[in-house]
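To keep things clear, I will list the structure first and then write my remarks on it.
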Amino acid sequence: MQTLLTLLLGLAAISAYCEDLDVDTIIQRSVEANQADWKAAPEYECLDTQAADKKPSKTYDGLMILGSPYRRLVAVDGKLLSPVDEERQEQQLRGVIAQRNRESKQERERRIANYEHDRKRDHLLMEQLTEAFDFKLLGKQMLDSREVYVLVATPRPGYSPPNAETKVLTGMHGKLWIDTKELQWVKVEAEAIRPVSIEGFLARVEPGTQFELEKAPVAPGVWLVKHFAMRSRAKFLFLFPVQMQGDDSYSQCHLQDLNVPAEVSASQNTHDTP
Numbered sequence: 005m006q007t008l009l010t011l012l013l014g015l016a017a018i019s020a021y022c023e024d025l026d027v028d029t030i031i032q033r034s035v036e037a038n039q040a041d042w043k044a045a046p047e048y049e050c051l052d053t054q055a056a057d058k059k060p061s062k063t064y065d066g067l068m069i070l071g072s073p074y075r076r077l078v079a080v081d082g083k084l085l086s087p088v089d090e091e092r093q094e095q096q097l098r099g100v101i102a103q104r105n106r107e108s109k110q111e112r113e114r115r116i117a118n119y120e121h122d123r124k125r126d127h128l129l130m131e132q133l134t135e136a137f138d139f140k141l142l143g144k145q146m147l148d149s150r151e152v153y154v155l156v157a158t159p160r161p162g163y164s165p166p167n168a169e170t171k172v173l174t175g176m177h178g179k180l181w182i183d184t185k186e187l188q189w190v191k192v193e194a195e196a197i198r199p200v201s202i203e204g205f206l207a208r209v210e211p212g213t214q215f216e217l218e219k220a221p222v223a224p225g226v227w228l229v230k231h232f233a234m235r236s237r238a239k240f241l242f243l244f245p246v247q248m249q250g251d252d253s254y255s256q257c258h259l260q261d262l263n264v265p266a267e268v269s270a271s272q273n274t275h276d277t278p
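Read in the working numbering, the sequence shown has 44 at position 40, and its numbers run on one by one without any break.
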């Protein structure tokens with residue numbers, strides 16, 4: 005009886021602690037969870053379905069081959085490729101594998117470095133969230149059968165971005181839905197609320213630029229992106245308007261056997277119909 009009482013009191017204390025998490029703790033732990041996911045992401049292979057206005061959607065199989073990813077087309081508008089197109093994709097894949105196997109040490113290091121540079125750029129934007137924004141907890145709600153914290157983010161006065169790419173954060177505000185149990189991002193929305201000039205790129209991000217990110221668990225303790233949508237408005241050379249948009253949905257994520265030689269691994273990577 006004493007043991008049971010102690011256990012119940014302990015659970016009550018844990019519950020009370022979880023209920024009383026402050027905004028800084030929620031954000032910090034969510035960023036830590038995202039950092040762990042970021043490190044784990046290259047180990048996973050996913051289907052990436054790209055939607056575009058007035059164009060057929062395309063689904064790619066993302067393969068990690070000798071240190072950097074390769075995307076193989078597997079379906080168009082949800083339909084698997086014809087045998088002829090499938091063979092053409094297989095030939096292209098075999099060509100990439102052969103080319104990467106012939107690389108010199110310097111060529112391989114350069115290719116992998118370019119891939120890591122892009123990943124680190126995206127990671128830096130995530131890391132800067134705690135520096136660039138002030139967060140306010142609005143409360144809790146249910147989202148996709150999960151209890152989530154709902155927070156709004158507004159630009160923090162005096163924030164000094166470390167480079168030109170993170171400067172875009174100074175003109176954005178956002179909203180976050182964070183899982184109350186795992187403190188993972190379930191959904192993030194962000195929108196530019198004022199123009200931000202990025203001198204190094206001779207461009208200016210305009211109000212109306214929007215991002216939406218959704219994540220979902222793929223393994224115990226690992227959440228990956230399941231949907232990312234972007235609508236970008238900018239002015240190149242500060243004069244010429246440019247509009248871009250993208251919509252990517254990710255599915256069937258699973259661990260890729262990175263220890264299998266590329267020639268064998270590529271031939272074994274198959275999926276069901278998207």
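Think of the CB as a built atom: it goes at the ideal place given N, C-alpha and C, for glycine as much as any other residue.
Margin query: For G178 and F215, I'd like the C-alpha separation in whole angstroms.
Written below: 9 angstroms
Item checked: Nearest-angstrom beta carbon gap, L155 and L141 [assumed within contact, 8 angstroms] -> 5 angstroms
Item checked: N-terminal and C-terminal residue of the beta strand (DSSP E) that L97 is part of -> Segment 87-106 is the alpha helix (DSSP H) holding L97; no beta strand (DSSP E) there.
Checklist line | Beta-carbon proximity of V257 to V222, cut-off 7 angstroms | finding: For the record, residue 257 in the displayed sequence is Cys; it is not Val. A contact, by the Cβ cut-off of 7 angstroms.
Checklist line | Selection from Y74, K59, D57 that minimises the alpha carbon distance to D65 | finding: Y74
Check: By the 10 Å Cβ neighbour count, where 16 or more other Cβ atoms means buried, how is R76 classified, buried or exposed?
Finding: buried
Check: What's the call for A17, buried or exposed, on a 16-neighbour Cβ count within 10 Å?
Finding: Residue placement at A17 is poorly supported in this model, since its pLDDT is 33, which falls under 50; the coordinates still yield a value, given next. A17 is exposed by the Cβ-count criterion.
Note to self: Buried or exposed for N289, going by 16 or more other Cβ atoms inside 10 Å?
What the structure shows: The question about residue 289 has no answer here: the residues shown for the chain are numbered 5 through 278.
Notebook entry, point to check: Which of helix, strand or coil does DSSP assign to I197?
Noted result: I197: coil per DSSP, three-state reduction.
Item checked: Contacting residues, own chain, Cβ-Cβ under 8 angstroms from S34 (five flanking each side not counted) -> The beta carbon of S34 lies closer than 8 angstroms to those of L180, I182, L187, Q188, W189 in the same chain, with the five residues before and after it left out.
Next item on the list: Give the range of the alpha helix (DSSP H) segment to which E36 is assigned.
Entry: 27-44
Check: Does the beta-carbon of V88 have 16 or more other beta-carbons within 10 angstroms, so that it is buried, or is it exposed?
Finding: Exposed: under 16 other Cβ atoms inside 10 Å.
Margin query: Using DSSP's beta-bridge definition, name the partner residues of T252.
Written below: The sequence shown places Asp at residue 252, rather than the Thr named in the question. Paired residue(s): Q54, F232.
Checklist line | 7 angstroms Cβ cutoff met for T218 and T184 | finding: Residue 218 is actually Glu in this sequence, not Thr. Contact flag unset, no.
Check: Taking all protein chains shown into account, do 16 or more other C-beta atoms lie within 10 angstroms of the C-beta of V27, making it buried, or fewer, making it exposed?
Finding: exposed
Next item on the list: Report the residue ranges of all alpha helix (DSSP H) runs contained in full by the region 98-161; include only those spanning at least 4 residues, in chain order.
Entry: 109-131, 133-136
Next item on the list: Look at the alpha carbon of V226 and the alpha carbon of K144, and state the distance between them as a whole number of angstroms.
Entry: 23 angstroms
Next item on the list: Assign L187 to one of three DSSP states: helix, strand, or coil.
Entry: coil
Check: Quick one, are the C-beta atoms of F139 and R160 less than 7 angstroms apart?
Finding: no
Next item on the list: Report the rounded CA-to-CA distance for D81 versus S164, giving the unit in angstroms.
Entry: 44 angstroms
Next item on the list: Name, in chain order, the residues that DSSP records as bridge partners for Q260.
Entry: Answer is none; Q260 lacks a bridge partner.
Item checked: Cutoff 6 angstroms; reference A233; Cβ partners in own chain excluding five residues on either side -> E216, D251
Margin query: So for G212, helix, strand or coil by DSSP?
Written below: coil
Checklist line | Minimum C-alpha distance to R104 - residue among E90, M68, V78, K124 | finding: M68
Checklist line | When M176, Q260, D148, S253 are compared against A55, the one with the closest alpha-carbon | finding: S253
Note to self: Pull the bridge partners of K59 from the DSSP assignment, please.
What the structure shows: A56
Check: Whose C-alpha, out of S61, P46, E47, is nearest the C-alpha of T53?
Finding: S61
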